[in-house]
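These notes concern the structure reproduced below.
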Amino acid sequence: MTAPQPSLSDYDAEIAEMLRSEDERQRDSIRLIASENYASRAVMEASASTLTNKYAEGYPGRRYYEGMDVIDPLESLTIERAIALFGAEHANVQPYSGSPANLAILLALCEPGDVTMGLSLPAGGHLTHGWKVSATGIYYRSVQYGVRRDDQRIDMDEVRSMALEHRPKLIWAGHSAYPRLLDFEAFASIADEVGAHLVADIAHISGLVAGKAHPDPVPHCAAVSTTTHKTLRGPRGGLILCRQEHAKAIDKAVFPGLQGGPHCHTTAAKAVAFKEANTPEFRAYAAQIVSNAKALADAMLARGMSLVTGGTENHLLLVDLTNRDIGGRSAARALNRCGVELNANSIPFDPRKPFDPSGIRIGLAALTSRGMTESSMPAVAAFIDAAVQEAAKGDGAVPDDFAAKMRAQIKEFLADFAAPGL
Ligand code: DSN
């Protein structure tokens, strides 16, 4: 039997309609989820290509299947582009996403039971940096550093004293909700002092690193992991960069250690994204993300909103809603109803539970990809503030007419900013 030939809309109207609705939702919402973006049309085309049909276990020139005429040069080119973009000695472009990339690094550089150190989840770290419910916290002995109570920043003195006490084999420098720059040089000096591998997880900031809007971890780290879809604006996927001395171990850990066949359509889309990121336009975009985040921070502060660390130096803000009489979950739900998409997030030393924390997280990559600049940030802050105030009045609920009116205003506000890829 041949596979069905009709187009998606002819063959499966239900799914086609869902995809159409999602396009519309992405076009008409203020998208502020700090890990999301709009991939370009070219990235989307590569991602939706016939390469999805191909298996390719192994690496270029050393595969377990035939038919590699295109796949081998394609993967080699993707690796070359990643190396050129980040100035790394070696790149593995096969990780399915950030979590498998981090597991592969642990598999390559540590033995089960070794001590690792990472920023704790409640302080803005990521699950895979050793949080207790993650495989990285179950199979490795994880100790976690936090942030200072007074200024909510990573305390490098604490990192050093914990490293001297616990002698980790690997130290993670990375986060998914920390609005400040990471001092990779200081992390490297601590890692050197205790004989640990320093690994940077730059999933959130890799677009800023590639665009030279954030200090570069590559010269300081044994390995660097990232997703390719956040500020980097590529397809959903992962990437590991490492020093040549770890190249064999990293490649072996990704395949056959952890994964089977790479997703070749995603590899092609990563190649396109790396090409896009190695341009002056991308560097301008990266700088603009940071300027937009700072402008939004100023506008939020001017409206009496409280920000973790008092502001931002990267693409994200963490808003502390404890002075607003509403939890992060209710605020996020109310905002979503009004056309502003973001997520509830724990804040450092959060008195509330992780599923209903005190904060909301805001990222500026997607709006920046739509061409928005600082001058639009007061309007974005006004939408957020109005919806949060309305929700706080209504115990988390916003009236239908309020939500509908704001959605219409947001649609009009966004009409001047074309959404890439849609
Ligand atoms: N889920 C991603 C984020 O939102 O930060 C991290 O994996």
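Numbering (the working numbering) for the sequence shown: -17 to 404.
Beta carbons: idealized from backbone N, C-alpha and C, even for Gly.
Remark: C-beta atoms of V290 and P330 approach each other more closely than 8 Å. CA-CA distance, T98 to V200, rounds to 20 Å.
In the structure shown, S116 falls within a coil segment according to DSSP collapsed to helix, strand and coil.
By the neighbour-count definition (other C-beta atoms within 10 Å, threshold 16), Q226 is an exposed residue.
Residues close to the ligand DSN by the beta carbon criterion (under 5 Å to any non-hydrogen atom) are, from first to last along the chain, S17, S158.
Non-local C-beta neighbours of E140 in its own chain, meaning closer than 7 Å and more than five positions away in sequence, comprise Y127, ordered along the chain.
In the structure shown, H297 adopts coil according to DSSP, grouped into three states.
Within the same chain, P94 come within 6 Å of Y121 by CB-CB distance, once the 5 residues on both sides are set aside. Shown here, H72 sits in a strand according to DSSP, grouped into three states. Uninterrupted alpha helix (DSSP H) stretches at least 4 residues long and entirely within the segment 140 to 206 occur at 166 to 176, 188 to 192, given in chain order.
Under the three-state reduction of DSSP output, M99 falls in the strand class. The residue from A281, V254, A385 with its alpha-carbon nearest to that of V362 is A281. In the displayed model, T110 falls within a helix according to three-state DSSP.
By the neighbour-count criterion, in which 16 or more other beta carbons inside 10 Å mark a residue as buried, P262 falls on the exposed side. As the crow flies, the alpha-carbon of A235 is around 15 Å from that of T118. Between H108 and H157, the beta carbon gap of about 7 Å places them in contact (Cβ cut-off 8 Å). For S17 and I342, the gap between their C-alpha atoms comes out near 13 Å. For the pair F237 and G69, the CB atoms are not nearer than the 8 Å cut-off.
In this structure, A64 sits away from M50, with a CB-CB distance that is not shorter than 8 Å. Straight across, the Cα-Cα distance linking T60 with D174 is about 31 Å. Just so you know, the alpha carbons of R162 and D302 end up roughly 15 Å apart.
Rounded to the nearest whole angstrom, the C-alpha separation of G177 and R9 is 49 Å. Every alpha helix (DSSP H) of 4 residues or more that sits fully in the segment 287 to 338 is shown, in chain order, as 310 to 320. Here the alpha carbons of L(-10) and S340 stand approximately 42 Å from one another. Cα atoms of E(-4) and C92: separation of roughly 47 Å, rounded to the nearest angstrom. Residue pairing by DSSP places V129 opposite I136 in a beta bridge. A105 and V75 do not touch by the CB rule: their CB atoms are close to 31 Å apart, not below 8 Å.
Annotation for R2: the continuous alpha helix (DSSP H) segment containing it runs -5 to 10. Sixteen is the threshold: when 16 or more other Cβ atoms of the shown chains lie within 10 Å of the Cβ of K151, as they do, the residue is buried.
Residues H202 of the same chain have their beta carbon placed closer than 7 Å to that of E167, with the five preceding and five following residues left out of the count. H186 and A347 have their alpha carbons spaced roughly 10 Å apart.
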